[in-house]
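Notes for the one structure printed next.
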Amino acid sequence: MDSALLGDLAMRDDLAALLRESEASRLGLDVHGYQAIVTACARAAQWREALQVLDQMQWDSIQPNLSSCNSAISACGRGSCWPGALALLQELRARKTRVDLVGLNATAKALAKASRWRQVLALLDSLREEGIEPDVVTYTVLMEAAQRSRSWSRAFDALHELRQRQLQADAICFTALLSAVQGGAQWRLAREVLADMARTRVQCDLISYNAALAASQEGPWWLAVGLLDELRSSTVSPDVVSFNATITACLKSERWQQGLHLLEVLRDQHLQPTSATFDAATSACEKGTRWLAALSFLRARWSKAEKADSHGSRSFRGESPLLQMRLNAFWSATRACEKALAWETALSLLGEASDLSIHCDETAFCSAILACASAREWQKSLEAWNEMCRRGIRPSCSSRTLVRKKLGAEDAPGRSLRSWSRDASGNSRWSCCIP
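Counting from 1, one number per residue, gives the positions in the sequence shown under UniProt numbering.
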């Protein structure tokens, strides 16, 4: 088998073709051919296949070299199989093979990914015992392990030791540090890390900015807004994660108008919203100050989804890929109308749902009913309740209890759910289950 062909397939990440070729001419493979296969397995995070190839090498009386073993360790790490990575490292040591920094770092990454902090530290100690000097990758892995273990102080210890060894932290290293700070809600330290990056002339990328913004959610709102402005004025374009983090920071500080403004900016930049975006819009709606602006944002989102669906593809379940976005926007809007006492808009949304092929469930109807009841629009509440029953939606005990309490709190004039059922234009289907 031509090792050059295997190498070409490996470079193209065509693992299936690579395995077919190797199976067809296994007897002609040399150590370099097998190494190409293991490397491809590592890139595809196929740790089982990588270990099988190593076994086949020994079956063919070919001793796996250090590079092949390192690639297999990397495959185990990427495939979230830390025991496999650790077992391979131990096997190398048992064979008296001198392990190198590549294999040790790959094993440490596998352990860090599984939050095995103590084993990462033990591995670093063994690295020193073997006279191998750690590099920036080693300390970055330590920071990642600290982040997963929610120990931001250990991440800073790793940075301190890195600098003691006269090593220069890179963007990946700083991003790992910012992620550790984020997990510890240390927003002040996040700003210090960014200043450290600027001082050492390390370019801050989008991942670094987003990690800093996530940490800033627990701090003053102006810090997150300033960081987003800095990001927008840089060569890096913010994404929806950047906006979500900043909007959340504003809402936590009760800066609803600023949060709504950012929602509008996000829409103007044609960024795809996420569930976190809808939650933020709903929170802004619930405050009742500028809820119409947030509702406009939500309406624009499901209208966009509707237009895209008319020429869009279908998912493997037969649903539009944007269906969830439309549903999230609709349910967020109905909840917001309830909180803002916007009964007319709540009823209007129920009508719009039919045009959008959205099935209104009990939650949507109850939001409209409660909005009407809070505004003392008893007849509208009755009509919405009857429409829900007419559509065959059986109200749950919790919904009946919630509406009954609202009627009592608003002192509905002689109205109970039982009397509603008798007035429901002959529809008494659910009267037996109304308290």
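Virtual Cβ for every residue (Gly too), placed ideally from N, Cα, C.
Status (buried if at least 16 other CB within 10 Å, exposed otherwise) for residue i
i	result
residue 232	exposed
residue 277	buried
residue 335	buried
residue 472	Residue 472 lies beyond the residue range present for the chain, which begins at 1 and ends at 435; the question has no answer from this structure.
residue 138	buried
residue 255	buried
residue 168	exposed
residue 309	Any answer about residue 309 is weak, because its pLDDT of 47 lies below 50 and its placement is not dependable; what the coordinates show is given next. Label assigned to residue 309: buried.
residue 389	buried
residue 318	Model confidence at residue 318 stands at a pLDDT of 36, short of 50, so the residue's coordinates are unreliable and nothing is read from them.
residue 199	exposed
residue 173	buried
residue 397	exposed
residue 399	buried
residue 221	buried
C-beta atoms of residue i and residue j nearer than 7 Å
i	j	result
residue 122	residue 142	no
residue 178	residue 193	yes
residue 120	residue 127	no
residue 182	residue 146	no
residue 69	residue 92	yes
residue 40	residue 82	no
residue 337	residue 346	yes
residue 365	residue 353	no
Rounded C-alpha distance that separates residue i from residue j
i	j	result
residue 150	residue 392	49 Å
residue 322	residue 273	Per-residue confidence for residue 322 stands at a pLDDT of 47, beneath the threshold of 50, marking its modelled position as unreliable; no derived number is given.
residue 33	residue 211	41 Å
residue 344	residue 153	53 Å
residue 61	residue 29	11 Å
residue 270	residue 87	48 Å
residue 275	residue 98	50 Å
residue 56	residue 104	24 Å
residue 439	residue 140	What is shown of the chain runs 1 to 435, which leaves residue 439 out entirely.
residue 188	residue 219	8 Å
residue 116	residue 238	33 Å
residue 268	residue 372	33 Å
residue 78	residue 45	5 Å
residue 248	residue 76	37 Å
residue 209	residue 170	15 Å
residue 240	residue 279	13 Å
residue 351	residue 84	57 Å
residue 245	residue 217	6 Å
residue 132	residue 160	19 Å
residue 106	residue 67	12 Å
residue 262	residue 226	12 Å
residue 368	residue 49	56 Å
residue 47	residue 258	48 Å
residue 31	residue 58	10 Å
residue 363	residue 109	45 Å
residue 380	residue 387	10 Å
residue 37	residue 96	25 Å
residue 63	residue 94	14 Å
residue 382	residue 253	38 Å
Residue i in three-state terms, based on DSSP
i	result
residue 270	coil
residue 167	coil
residue 37	helix
residue 254	coil
residue 390	helix
residue 338	helix
residue 375	coil
residue 134	coil
residue 397	helix
residue 113	helix
residue 95	coil
residue 29	coil
residue 80	coil
residue 235	coil
residue 45	coil
residue 219	coil
residue 360	coil
residue 316	Unreliable positioning characterises residue 316 in this predicted model, as indicated by a pLDDT of 30, which lies under 50. A coordinate reading is not provided.
residue 199	helix
residue 150	coil
residue 62	coil
Cβ distance (whole Å) where residue i is taken to contact residue j below 8 Å
i	j	result
residue 80	residue 35	That belief does not hold up - the Cβ atoms of residue 80 and residue 35 are roughly 23 Å apart, past 8 Å.
residue 125	residue 101	Contact doesn't hold; Cβ gap of about 15 Å is too wide.
residue 251	residue 228	Contact doesn't hold; Cβ gap of about 14 Å is too wide.
residue 243	residue 206	With 8 Å as the limit, residue 243 and residue 206 do not qualify as a contact, their Cβ atoms being about 12 Å apart.
residue 195	residue 155	That belief does not hold up - the Cβ atoms of residue 195 and residue 155 are roughly 17 Å apart, past 8 Å.
residue 73	residue 54	Rounded, the Cβ-Cβ distance is 10 Å, inconsistent with contact.
residue 405	residue 374	Actually they are not in contact, since the Cβ atoms of residue 405 and residue 374 sit about 12 Å apart, beyond 8 Å.
residue 176	residue 129	At roughly 25 Å, the Cβ-Cβ gap does not stay under 8 Å, so residue 176 and residue 129 are not in contact.
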